[in-house]
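Visitor: Shown below is the structure under consideration.
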Amino acid sequence: MTELLIPFAVLGWLFVSLLIIGLLTNGKQCAIALDQWAGTCLIAGHMADETISALAHRGQHKRTERFINWLFNDPLHCAKAYLAEMKHEQSSPIYYKET
Numbered sequence: 147m148t149e150l151l152i153p154f155a156v157l158g159w160l161f162v163s164l165l166i167i168g169l170l171t172n173g174k175q176c177a178i179a180l181d182q183w184a185g186t187c188l189i190a191g192h193m194a195d196e197t198i199s200a201l202a203h204r205g206q207h208k209r210t211e212r213f214i215n216w217l218f219n220d221p222l223h224c225a226k227a228y229l230a231e232m233k234h235e236q237s238s239p240i241y242y243k244e245t
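Here it is as structure tokens:
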């Protein structure tokens with residue numbers, strides 16, 4: 147049993163290390179990437195390039211939206227995230243031309 151746990155412990159350590167390094171070097175983008183990855187892996191119907199906050203607003207998941215808004219101490223956090231997704235504000239400017 148122990149021989150199975152060691153590889154997972156190493157992978158977990160690597161993941162946490164990369165997460166910390168990513169948050170320190172590219173904070174907001176790393177947090178958004180983690181949010182999108184977790185949402186894509188764990189939530190049915192979640193788009194790969196959509197934050198959980200935007201999904202909560204788009205899908206009208208009222209309890210989830212209220213909880214996320216409370217967590218970020220902003221009553222409009224999910225609505226703002228949804229609008230940011232619609233305007234591609236979280237995408238790199240390389241992929242769109244500003245008007």
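Mapped onto the numbering used here, the consecutive letters of the sequence shown carry residue numbers 147 to 245. Glycine included, each C-beta is placed from N, C-alpha and C at the ideal position.
1) Might you give, ordered along the chain, the residues of its own chain that have their beta carbon closer than 8 Å to the beta carbon of Gly-205, omitting 5 neighbours on each side?
2) So Ile-198 and Asp-181 are supposed to be a Cβ contact under 8 Å. How far apart are they, rounded?
3) Do you know how far the Cα of Gln-175 is from the Cα of Arg-209?
4) Verify the contact flag: Phe-154, CB atom, against every heavy atom of the ligand NAD, threshold strictly below 7 Å.
5) For Ala-177 versus Leu-188, is the C-beta distance shorter than 8 Å?
6) Do Ala-179 and Thr-186 count as a contact pair if the criterion is CB distance below 8 Å?
7) May I have the straight-line CA-CA distance separating Phe-218 from Glu-231, to the nearest angstrom?
8) Let me know if Leu-157 comes out buried or exposed under the rule of 16 or more other beta-carbons within 10 Å of its beta-carbon.
Guide: With the structure as the only source:
1) The sequence position of residue 205 within the sequence shown is 59, counting from 1. Correct list, in chain order: Gly-191.
2) As a first step, residue 198 is located in the sequence shown; it is residue number 52 there, counting from the start. As a first step, residue 181 is located in the sequence shown; it is residue number 35 there, counting from the start. Indeed, because the Cβ distance is near 6 Å, the residues count as touching under 8 Å.
3) Against the sequence shown, residue 209 aligns to sequence position 63. Against the sequence shown, residue 175 aligns to sequence position 29. Approximately 26 Å between the Cα atoms of the pair.
4) Annotation note on the ligand NAD: not contained in the displayed structure, which lists no ligands.
5) Taking the first residue of the sequence shown as position 1, residue 177 is located at position 31. Taking the first residue of the sequence shown as position 1, residue 188 is located at position 42. Not a contact, by the Cβ cut-off of 8 Å.
6) As a first step, residue 186 must be located in the sequence shown, where it is residue number 40. As a first step, residue 179 must be located in the sequence shown, where it is residue number 33. No, the Cβ-Cβ distance between Thr-186 and Ala-179 is not below 8 Å.
7) As a working note, residue 218 is residue 72 in the sequence shown. As a working note, residue 231 is residue 85 in the sequence shown. Whole-angstrom Cα-Cα distance: 17 Å.
8) Counted from its first residue, the sequence shown places residue 157 at position 11. Its Cβ having fewer than 16 others within 10 Å, Leu-157 is exposed.
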